[in-house]
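A short write-up of the structure that comes next.
Numbering (this note's numbering), first residue to last: 6 to 471.
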């Protein structure tokens, strides 16, 4: 749903008023009369009347959902149903494995270099001292001395120790956790405070360490930065996958891609939790105003939405078919519209709001006295291309085999040939709108013209052979 759902919700509210007042309130927002199909569909319902206050709640929920902009992915399914999410120590071990040049993954310095580059970009600020993290001569320590991940470099030219505190699963911070790690690296590993960098790594930016813990780290001259799986780790994985070389060990690219899919999945799940929490707050607020909806209220809203969707699809079908007809007329073709229940009767339709589009409707282009090429749409918003019969049965029999051969050539083997009044037809899948693309009015018009031209060419060839 778009960020501004107000037009749809205003329409639903208008629909509800019309139901409650026995259609005494007009529906000017639809641009049609009360006796139109759209008005009847939206105002006739057995559902419970929806209080206007529920639309206030629905507006709030729509804003929340639009703000989170979640989109399901096919790669979510394995994590939802099979693999699951490992514990934080396993995440740390896997990160350590990926970036450790000493591991036998065949990537050498590549993954460590790209990882450190992301950390450099995170910690450096314009106009400040530039922090560099060279990847040569680094020692990677995953899950060592209670630290999730530690990267050390002790070269004289550039010394640093990077502590990564992994909180991908929102583990509770221990008392003085970060300062304990900094002291350990300072006292036991021989690094000065200013050579120590602490990267706090939750899934999203909503989790932070204790303020006193962070302030202690910075008071010693060490460096603190929050990074997240949702931003920096995905950035690193995107970069590594994009620049991955085929010379590197087989299977590692799949490992990186799989881990990236897991992080994306976890990020979406976190957004769902955040969204649900905000929606629950909306419900709590509605209850304080004595405006909490019932399930019957929501059912009524769903009925209105279903009716609105059906009628809107009908209007969009009408616009598409009319646009195709008008384009072909401008090109000089003999073209008309017909209802499939009465295919030999030309239908006079000029508006996309015509009730005719609630039935199966075709745009027909004359090819010969006995056959027309057609594009059509049904009431359940499905589309097809085909060859429509006309004329006498004797004439149809003479050309039937030619049309069937041409239909297979144009529409593929999966054609329907037993349905009156068609010689042959086939479903045409896809999203249909007024944009450019293979399903736009211009593209479909071009396809019909090509079908007609090829069919006439077949007829000419068949006649020459006689």
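Positions of the beta carbon are idealized from the N, C-alpha and C atoms, including for glycine.
Could you name the residues that DSSP lists as bridge partners for residue i?
i, result
"residue 432", "389"
"residue 164", "159"
"residue 397", "Residue 397 pairs with nothing; no bridge assigned."
"residue 427", "393"
"residue 205", "170 and 231"
"residue 381", "367 and 389"
"residue 149", "152"
"residue 332", "Beta-bridge pairing links residue 332 to no other residue."
"residue 460", "Beta-bridge pairing links residue 460 to no other residue."
"residue 342", "352 and 368"
"residue 144", "157"
"residue 180", "DSSP output for residue 180 lists no bridge partner at all."
"residue 213", "DSSP lists no partner for residue 213."
"residue 347", "344"
"residue 199", "Partner(s): none; residue 199 has no beta bridge."
"residue 421", "430"
Measuring straight from C-alpha to C-alpha, what distance separates residue i and residue j?
i, j, result
"residue 280", "residue 263", "26 Å"
"residue 449", "residue 347", "23 Å"
"residue 429", "residue 423", "8 Å"
"residue 145", "residue 285", "44 Å"
"residue 356", "residue 388", "19 Å"
"residue 464", "residue 414", "14 Å"
"residue 218", "residue 155", "18 Å"
"residue 138", "residue 159", "12 Å"
"residue 193", "residue 287", "52 Å"
"residue 134", "residue 242", "27 Å"
"residue 461", "residue 398", "19 Å"
"residue 187", "residue 141", "23 Å"
"residue 416", "residue 249", "41 Å"
"residue 111", "residue 258", "11 Å"
"residue 468", "residue 402", "15 Å"
"residue 201", "residue 191", "8 Å"
"residue 265", "residue 213", "23 Å"
"residue 454", "residue 318", "26 Å"
"residue 39", "residue 307", "Unreliable placement is indicated for residue 39, whose pLDDT of 42 sits below 50; no coordinate value is reported for it."
"residue 269", "residue 359", "45 Å"
"residue 446", "residue 326", "8 Å"
"residue 354", "residue 410", "33 Å"
"residue 170", "residue 153", "6 Å"
"residue 157", "residue 168", "9 Å"
"residue 94", "residue 109", "20 Å"
"residue 235", "residue 352", "56 Å"
"residue 255", "residue 247", "16 Å"
"residue 179", "residue 299", "44 Å"
"residue 459", "residue 303", "53 Å"
"residue 442", "residue 143", "52 Å"
"residue 282", "residue 132", "40 Å"
"residue 336", "residue 380", "17 Å"
"residue 470", "residue 334", "33 Å"
"residue 239", "residue 96", "14 Å"
"residue 329", "residue 305", "36 Å"
"residue 431", "residue 175", "53 Å"
"residue 252", "residue 444", "42 Å"
"residue 412", "residue 466", "16 Å"
"residue 311", "residue 400", "45 Å"
"residue 295", "residue 301", "16 Å"
Assuming residue i and residue j are in contact, meaning their beta carbons sit under 8 Å apart, how far apart are those beta carbons, in whole angstroms?
i, j, result
"residue 395", "residue 374", "7 Å"
"residue 196", "residue 162", "At roughly 15 Å, the Cβ-Cβ gap does not stay under 8 Å, so residue 196 and residue 162 are not in contact."
"residue 322", "residue 361", "So it is not a contact: roughly 10 Å between Cβ atoms."
"residue 393", "residue 376", "7 Å"
"residue 378", "residue 456", "4 Å"
"residue 225", "residue 198", "4 Å"
"residue 3", "residue 271", "With the chain covering only 6 through 471, there is no way to say anything about residue 3."
"residue 384", "residue 365", "7 Å"
"residue 183", "residue 123", "With a Cβ gap of about 20 Å, residue 183 and residue 123 do not count as contacting."
"residue 267", "residue 245", "About 15 Å; that fails the 8 Å criterion."
Tell me, please, whether the CB atom of residue i is closer than 8 Å to any CB atom in chain B?
i, result
"residue 221", "Of the protein chains in this structure there is only one, and it is not chain B."
The ligand NAP and residue i: does the residue's C-beta get closer than 7 Å to at least one heavy atom of that ligand?
i, result
"residue 194", "In terms of ligand content, the structure shown is empty, and the ligand NAP therefore cannot be addressed."
For the stretch 102-116 and the stretch 227-235, state whether three or more C-beta atom pairs, one from each stretch, are separated by less than 8 Å. no
Inter-stretch contact at 8 Å, needing at least 3 Cβ pairs: the stretch 362-370 / the stretch 331-345: yes
Any chance the stretch 282-301 sits against the stretch 140-160, with 3 or more Cβ pairs inside 8 Å? no
Counting pairs of Cβ atoms below 8 Å between the stretch 264-280 and the stretch 203-212, do you hit three or more? yes
Quick one: any contact between the stretch 91-103 and the stretch 123-132, if contact means 3 or more CB pairs under 8 Å? no
Those runs of the beta strand (DSSP E) which lie wholly inside the stretch 349-376 and span at least 3 residues: 366-373
Ignoring anything shorter than 3 residues or poking outside the stretch 227-290, list the beta strand (DSSP E) runs there in chain order. 228-231
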